[in-house]
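Undergrad: One structure, as structure tokens, below. Some questions next.
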Amino acid sequence: MNQHVTLIGLGPMGQAMVGALLDGGHPVTVWNRTASRADDVVARGAVRAATPAEAVAAGELVILSLTDYQAMYDILGPVEDLGSKVIVNLSSDTPDKSREAVQWVRQRGGAFLTGGVLASAEIVGTEAAKVFYSGPAELLEAHEQTLRLIGKPHHVGEDPGLAQLFYLAHIDLFLVSLAAYLHATALVGSAGVSAQDFLPWAVENLNTNSFLLPSAAEQIDRGEHPGDLGTARMMGASADHLLAASEAVGIDLELPRAIKAHYDRAIAAGKGGDSWTRLIDGIREPA
Numbered sequence: 001m002n003q004h005v006t007l008i009g010l011g012p013m014g015q016a017m018v019g020a021l022l023d024g025g026h027p028v029t030v031w032n033r034t035a036s037r038a039d040d041v042v043a044r045g046a047v048r049a050a051t052p053a054e055a056v057a058a059g060e061l062v063i064l065s066l067t068d069y070q071a072m073y074d075i076l077g078p079v080e081d082l083g084s085k086v087i088v089n090l091s092s093d094t095p096d097k098s099r100e101a102v103q104w105v106r107q108r109g110g111a112f113l114t115g116g117v118l119a120s121a122e123i124v125g126t127e128a129a130k131v132f133y134s135g136p137a138e139l140l141e142a143h144e145q146t147l148r149l150i151g152k153p154h155h156v157g158e159d160p161g162l163a164q165l166f167y168l169a170h171i172d173l174f175l176v177s178l179a180a181y182l183h184a185t186a187l188v189g190s191a192g193v194s195a196q197d198f199l200p201w202a203v204e205n206l207n208t209n210s211f212l213l214p215s216a217a218e219q220i221d222r223g224e225h226p227g228d229l230g231t232a233r234m235m236g237a238s239a240d241h242l243l244a245a246s247e248a249v250g251i252d253l254e255l256p257r258a259i260k261a262h263y264d265r266a267i268a269a270g271k272g273g274d275s276w277t278r279l280i281d282g283i284r285e286p287a
């Protein structure tokens with residue numbers, strides 16, 4: 001019989017995970033503060049636990065899909081003995097919170113894996129879904145077949161904080177890219193250009209930028225930033241123009257100000273003749 005899984009937390013992500021596990025043939029016990037949120041997955045075959053303790057006792061593997069790590073403490077706090085269960089926390093929080101959680105779970109007899117889910121609810125369980133895990137590699141290996149049903153697992157290291165770091169780094173790219181797209185759309189929109197008309201140019205720009213990353217990664221790792229293909233001073237001038245144009249048309253200035261500040265700092269440090277990758281120094285060690 002397939003591994004019995006407990007899943008606690010039935011927001012959209014949690015419900016999608018339960019669905020993927022049920023489709024994979026696993027018995028699933030669920031618990032949620034608002035019991036009615038379990039109705040749909042119970043109708044599909046999940047078992048509703050009356051209490052968190054009952055839910056933990058039922059599953060061989062306990063997966064948490066909660067708002068943050070504090071929710072884990074609030075819910076599992078009364079469960080003093082986790083009975084050697086493996087707790088896989090797929091909730092989002094900071095790396096330090098993940099590191100602290102390891103000791104908390106161990107003190108209650110459990111083992112702990114951190115997870116960072118790089119997927120939206122609609123793609124959970126598909127090839128497009130990815131999940132970063134950190135902590136003991138042997139724990140992931142022991143439960144990989146089950147966890148793979150949620151998304152493709154990637155073990156990124158033993159440090160329990162690494163999964164959150166990888167997840168948040170992707171969120172960093174995602175949120176900033178979307179904000180830049182909206183700002184750029186507003187900028188051309190100030191002249192009456194529709195979002196649909198600008199769309200193909202935005203897509204091409206974002207796709208082209210990805211070709212810059214391999215050489216940038218090499219320069220960052222070597223700590224060498226030759227400016228032969230473009231300097232921080234040159235790109236900083238473009239950042240100046242972006243800020244001025246944004247101010248002239250009356251759109252929000254927070255994003256272009258932040259971009260300009262990075263270039264200004266590199267130029268002030270005497271690195272204006274280096275590549276734009278030199279900005280990593282100021283980002284790593286802000287004044």
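123 is the number that my numbering gives to position 123 of the sequence shown; each next residue is one higher, with no gaps. Beta carbons are placed, not taken as given, at the ideal position from N, Cα and C, and that holds for glycine.
#1: Taking the alpha-carbon positions, what's the Ile220 to Arg278 distance?
#2: Just verifying my parser: in three-state terms, what is the DSSP assignment at Asn2?
#3: In angstroms with no decimal places, state the Cα-to-Cα distance between Arg148 and Pro214.
#4: Quick test of your reading: Val41 and Ile63, contact by CB under 8 Å. State the CB separation rounded to the nearest angstrom.
#5: Which term fits Met72, buried or exposed, when burial requires 16 or more other beta carbons within 10 angstroms of its beta carbon?
#6: Taking His225 as the reference, which of Ala266, Ala245, His155 has the closest Cα?
#7: Per DSSP, what are the beta-bridge partners of Phe132 in this structure?
#8: Looking at Gln15: is its Cβ nearer than 7 Å to the Cβ of Thr146?
#9: Suppose you measure from the CA of Thr208 to the CA of Gly77; what does that come to, to the nearest Å?
#10: Distance, Cα to Cα, Ala269 vs Ala232?
#11: Which residue spans inside the region 79–106 form an unbroken beta strand (DSSP E) run of at least 3?
#12: Taking Arg33 as the reference, give the member of Asp23, Arg48, Leu22, Gly25 with the closest Cα.
#13: What residues are listed by DSSP as bridge partners for Val30?
#14: For Ile283, list the residues DSSP reports as bridge partners.
#15: Could you name the residues of the same chain whose beta carbon sits closer than 6 Å to that of Trp276, not counting the 5 residues immediately before and after it, in chain order?
#16: Please go through the region 131–211 and give each complete beta strand (DSSP E) segment of 3 or more residues, from N-terminal end onward.
#17: Can you tell me which of the three DSSP states Val42 falls into?
#18: Under the DSSP definition of a beta bridge, which residues are partnered with Val56?
#19: How would you call Trp288, buried or exposed, if buried means at least 16 neighbouring beta carbons within 10 angstroms?
#20: Under 8 Å Cβ to Cβ from Glu158, same chain only, skipping five residues before and after it: list those, please.
#21: Got a sec: is the Cβ-Cβ distance from Glu100 to anything in chain D below 7 Å?
#22: Decide if Gly272 is buried, meaning its Cβ has at least 16 other Cβ atoms within 10 Å, or exposed.
#23: Report all residues from its chain with a CB closer than 7 Å to the CB of Ile280; omit the five preceding and five following residues, and keep chain order.
#24: Tell me whether Leu229 sits in a helix, a strand or coil according to DSSP, three-state version.
TA: This is what the structure holds:
#1: 8 Å
#2: coil
#3: 29 Å
#4: Not a contact, Cβ separation roughly 13 Å.
#5: buried
#6: Ala266
#7: Gly116, His154
#8: no
#9: 49 Å
#10: 11 Å
#11: 86–89
#12: Cα-wise, what sits closest to Arg33 is Arg48.
#13: Residue pairing of Val30 in beta bridges, as defined by DSSP: Leu7, Arg48.
#14: Residue pairing by DSSP places Ile283 in no beta bridge whatsoever.
#15: Ala232, Met235
#16: 152–155
#17: Val42 falls in the helix class under three-state DSSP.
#18: Val56 is not bridged to any residue.
#19: Outside the modelled stretch of the chain, which goes from 1 to 287, sits residue 288, for which no answer is possible.
#20: The beta carbon of Glu158 sits closer than 8 Å to the beta carbons of Ser134, Gly135, Pro136, Ala137 from its chain, once the five residues preceding and following it are set aside; these are given in chain order.
#21: The chain labelled as chain D is not found in the depicted structure, where only one protein chain is given.
#22: buried
#23: Close CB contacts of Ile280 within its chain, under the 7 Å cut and outside five residues either way in sequence, are with Ile220 (chain order).
#24: Coil at Leu229, not helix or strand.
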